[in-house]
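For my numbering, count along the sequence shown from 1 and bump the result up by 3.
Working notes, structure below.
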Amino acid sequence: MKRLLVLGAGTAGTMVANRLRRRLPRDEWRITAVDESDKHFYQPGYLFIPFGTYAPDDVVRPRRRSLRAGVDLVRGTVDRVDTETDTVVLTDGRALPYDQLVIATGVTPRPDQTPGMLDGGQWRRSIFDFYTHDGAVALADALKAFDGGRLVVHIVDMPIKCPVAPLEFAFLADAYLRERGIRDRVELVYATPLPGAFTKPIASRTLGAMLDDRKISLEADFLVERVDDRTLVSYDEREIGFDLLVTVPLNMGADFVARSGLGDELNLVPVDRYTLLATGHRNIFAIGDANDIPASKAGSVAHFAVDVFVGNFLRHIAGQPMTGRFDGHANCFVESGGGRALLIDFNYDTEPLPGRYPVPRLGPFSLLAETAVNHWGKLAFRPVYWHALLPGRPVPLPAHMSMAGKRVPTAEE
Ligand SMILES: Cc1cc2nc3c(=O)[nH]c(=O)nc-3n(C[C@H](O)[C@H](O)[C@H](O)COP(=O)(O)OP(=O)(O)OC[C@H]3O[C@@H](n4cnc5c(N)ncnc54)[C@H](O)[C@@H]3O)c2cc1C
Numbered sequence: 004m005k006r007l008l009v010l011g012a013g014t015a016g017t018m019v020a021n022r023l024r025r026r027l028p029r030d031e032w033r034i035t036a037v038d039e040s041d042k043h044f045y046q047p048g049y050l051f052i053p054f055g056t057y058a059p060d061d062v063v064r065p066r067r068r069s070l071r072a073g074v075d076l077v078r079g080t081v082d083r084v085d086t087e088t089d090t091v092v093l094t095d096g097r098a099l100p101y102d103q104l105v106i107a108t109g110v111t112p113r114p115d116q117t118p119g120m121l122d123g124g125q126w127r128r129s130i131f132d133f134y135t136h137d138g139a140v141a142l143a144d145a146l147k148a149f150d151g152g153r154l155v156v157h158i159v160d161m162p163i164k165c166p167v168a169p170l171e172f173a174f175l176a177d178a179y180l181r182e183r184g185i186r187d188r189v190e191l192v193y194a195t196p197l198p199g200a201f202t203k204p205i206a207s208r209t210l211g212a213m214l215d216d217r218k219i220s221l222e223a224d225f226l227v228e229r230v231d232d233r234t235l236v237s238y239d240e241r242e243i244g245f246d247l248l249v250t251v252p253l254n255m256g257a258d259f260v261a262r263s264g265l266g267d268e269l270n271l272v273p274v275d276r277y278t279l280l281a282t283g284h285r286n287i288f289a290i291g292d293a294n295d296i297p298a299s300k301a302g303s304v305a306h307f308a309v310d311v312f313v314g315n316f317l318r319h320i321a322g323q324p325m326t327g328r329f330d331g332h333a334n335c336f337v338e339s340g341g342g343r344a345l346l347i348d349f350n351y352d353t354e355p356l357p358g359r360y361p362v363p364r365l366g367p368f369s370l371l372a373e374t375a376v377n378h379w380g381k382l383a384f385r386p387v388y389w390h391a392l393l394p395g396r397p398v399p400l401p402a403h404m405s406m407a408g409k410r411v412p413t414a415e416e
């Protein structure tokens, strides 16, 4: 019996295990997923918890329920991968041998990496994150109690998962404060290490104009060096004081990746960007946020990547070349407040462009434009995630990005 071991049963690991369980003969391949938590979190839902749109329980399910029968689940924390003996060792000493290994342990926010963030006495008092379930729940209470002052939305450094999520938070905070009638008592600031609102120029123009419209001031090229009490201090010695800080801490891969000699300085696994095979290895892949591909860290990227990976993996174990090429396809709804959202669709080579998606001219979704239909698309994504994406049911969206329905704006636009 051959052994496929999947480390991490979050978005990517669950899809890999479920999709391959359908394709690999049960009498030839045992599939085992390892995860340290018995709960599966729908992370895109964290955005809505601070504003009361989702309750904390709306985004959690037992992990076992998302995995097909025939996929073994081991609850445990990975301590290291021994690539000499093809064995994974858990922190409790259990050893799990593998023939093929898929690393899908994602990234986690690391507030401990910014001096003063955790140890200055302000964590979860005036400094919050919404990239963890606990953080989003704690922030809901803090926002309710907030009645004026400077609210700073902040990113420590890129890459982060869902790079538009902090912008969405700023737009939703603006709408929320208006609804409460206290927007004029709040100064909203968006502090980012990027030169503009977003990583890609056309989307950055659109999203930057949306910050301006909402009177959210943009503090660009802001690389935080430390947090001093209630002040962010950058390497170039700019200071931003805050009454409430909503930060996205440094996102890092799991520590075992570094301990196993498999990672870069952020514990991300270097891979071939088209096949996701770990550099220098023949039987280790890294998929989802855990790898270093130059694409967004997003559930949509994990989904499109798994579409390509499954065919490649089957060819690989049959001794054939991997002919599928993942193109870095990402798409993300961007909530903009007031029941509207934008949609962006892009890949390694093409930045987000205006147009319609997925059907040219018809949509129903609009690219880089705010519509109510996009907002409903964002909300519909949660049941699609649980009932179609995770179980590995077909979703009628091509894995590769298409230019159909997109247009390149003129210089005047
Ligand atoms: C606030 C927020 C909003 C987002 N919005 C969107 C969105 O709108 N659209 C979108 O496409 N994506 C969005 N994302 C991103 C998306 O959730 C992630 O990109 C996706 O979950 C990545 O999947 P993954 O499998 O790589 O990692 P994860 O889903 O994070 O899974 C990693 C798993 O590994 C386990 N693990 C980690 N370390 C170990 C260890 N040492 N031992 C054992 N198990 C371990 C964890 O318990 C976890 O279950 C959002 C994320 C956040 C935080």
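The beta carbon of each residue, even a glycine, is placed where N, CA and C say it ideally should be.
Quick caveat: nothing in here was measured; it's all calculated off a predicted structure.
- Proximity to Val37 across Thr56, Ile52, Val251, Pro100 peaks at Pro100, based on C-alpha coordinates.
- In this structure, Ala143 has its CB at a distance of at least 7 Å from all heavy atoms of ligand 1.
- Taken through DSSP and simplified to helix, strand or coil, Ala293 comes out as helix.
- In this structure, the CA atom of Asp239 is about 8 Å from the CA atom of Leu226.
- If you check the C-beta of Lys5 against ligand 1, you find no heavy atom less than 7 Å away.
- Membership of Trp32 in the beta strand (DSSP E) is indicated by the continuous run 32-38.
- His332 counts as buried, since no fewer than 16 other beta carbons sit within 10 angstroms of its beta carbon.
- In this chain, the alpha helix (DSSP H) harbouring Ile205 covers 204-216.
- Within the same chain, and ignoring the five residues on either side of Pro394 in sequence, the residues whose Cβ sits closer than 8 Å to its Cβ are Asn21, Ser69, Arg71.
- Only residues of its own chain outside the window of five on either side were considered, and among them Val274, Arg276, Gly331 have a CB closer than 7 Å to the CB of Ile296, listed in chain order.
- Between Thr250 and His157 the beta-carbon gap is near 4 Å, inside 8 Å, which marks them as a contact.
- Burial is judged here by how many other beta carbons sit within 10 angstroms of a residue's own beta carbon; Val230 has at least 16 and is buried.
- Non-local beta-carbon contacts of Thr94 in its own chain, meaning distances under 8 Å to residues more than five positions away in sequence, involve Gly79, Thr80, Val81, Asp82 in chain order.
- Beta bridge pairing from DSSP links Met255 with Thr111.
- Contiguous alpha helix (DSSP H) elements confined to the region 301-342 occur at 302-320, taking only those with 4 or more residues.
- Ligand 1 has a heavy atom closer than 7 Å to the beta-carbon of Val81.
- For Ala194, the enclosing beta strand (DSSP E) starts and ends at 189-194.
- It is roughly 5 Å from the alpha-carbon of Val84 to the alpha-carbon of Ser263.
- Here the alpha carbon of Pro166 sits roughly 18 Å from the alpha carbon of Asn270.
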